[in-house]
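One structure is given here, and the rest of the page talks about it.
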Amino acid sequence: PQAFERQFRLERGRGCTVNLGISASYLLDRQGEKLGWLFLCRDLTLSLEVQKLRELDLLKTEYVNTVSHELKTPLTAILGGLEILCGEPQFAQNEMISIVNESALRLRGLISDLLNLSKLESPKAFVREERCDLREIMELVLRQFPKHPLHKFELDMPQGLPAVLLDSEKIRAALTNYTSNAIKYSPKGGVVRLSARLQGDELALEVSDEGMGISKQNLEKLFKKFSRIDAHAEIEGTGLGLVIVKRIAELHGGYVTVTSVQGEGSTFGMRLPLRLA
């Protein structure tokens with residue numbers, strides 16, 4: 010008695026795909042008596058492409074608005090600080106210089122992340138695989154972070170872990186991003202652990218902390234551009250770091266993982282196809 014409507018995606022072979030919409034409804038006469046069925050079959054390929062373009066256009070608008078806002082905030086602080094410096098006595102200038110410096114560093118970080126993400130999302134992006142010692146990569150990551158009285162760094166790797174084929178520069182950047190977040194989101198300190206292990210035909214790389222943790226409803230937002238969790242709004246960041254990590258994992262043919270318990274900590278990881286050197 011009701012109208013029927015379904016969409017189908019048909020693979021015709023040789024890369025040809027057809028998106029079909031099929032609907033059926035009763036055909037009634039003037040007295041409301043059933044005459045039969047009316048079937049309608051439509052090729053939805055073009056309409057779906059138009060819908061996709063609309064979604065991309067909306068995403069672009071949101072992207073531009075967000076980037077403009079993120080760039081405006083540190084620039085406002087820089088310009089405001091410079092304006093105050095011009096009229097303040099010498100003793101008040103050190104604090105203003107510090108604010109201007111922090112804002113400039115934040116601005117540089119945002120621009121750097123935007124450029125890196127743009128390169129990674131380019132159709133020309135690729136991985137330059139080379140023989141990698143995972144322990145050496147992780148030790149290089151930890152050397153970038155100064156010793157902290159509240160944080161303890163640990164490496165968790167089995168003995169005899171074989172050398173693998175990876176783009177060492179990109180993997181180091183991804184693990185650096187994870188480690189930086191682990192430190193930022195555990196302000197009370199604790200252990201930050203970098204681990205590597207083999208799981209079947211996959212290589213598992215993880216960074217765990219004992220920090221704030223993330224609620225279940227916020228987990229799905231983590232790897233979206235400019236996504237910042239409300240509870241952590243006071244912690245500065247561009248909202249692009251995890252997106253960059255995800256893209257690096259995808260370029261290697263892998264994917265990202267995350268597990269977290271609020272108040273206990275989080276573990277962020279990458280699962281990559283295992284390619285032994």
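Take the sequence shown: its letter number 246 is residue 255 in our numbering, and every next letter is one higher. Just so you know, even glycine gets a beta-carbon here, dropped at the ideal spot from N, CA and C.
Cβ pair V267, S275 closer than 9 Å = yes
ask   = What number of angstroms, rounded off, separates the C-alpha of G209 from the C-alpha of M166?
value = 16 Å
ask   = In chain order, what residues of the same chain have a beta carbon less than 6 Å from the beta carbon of S269, not counting five sequence neighbours either side?
value = G222, I223 and S275
ask   = In the DSSP assignment, what residue or residues form a beta bridge with I31?
value = R15 and C50
ask   = Below 8 Å, can you find three or more Cβ-Cβ pairs linking the stretch 141–149 to the stretch 175–183?
value = yes
ask   = When the distance is taken between beta carbons, is I192 closer than 9 Å to D218?
value = yes
ask   = To the nearest angstrom, how far is it from the Cα of R21 to the Cα of V59?
value = 22 Å
request  = Out of E138, D142, S189 and K230, state which residue places its alpha-carbon closest to the alpha-carbon of Q153.
outcome  = S189
Whole alpha helix (DSSP H) elements within the stretch 110–189, 4-residue minimum = 143–152
message = Let me make sure I understand the geometry here. Which of I120, E64, L126 and L285 has the alpha-carbon closest to that of K255?
response = L126
request  = Could you tell me whether the Cβ atoms of L203 and V150 are closer together than 9 Å?
outcome  = yes
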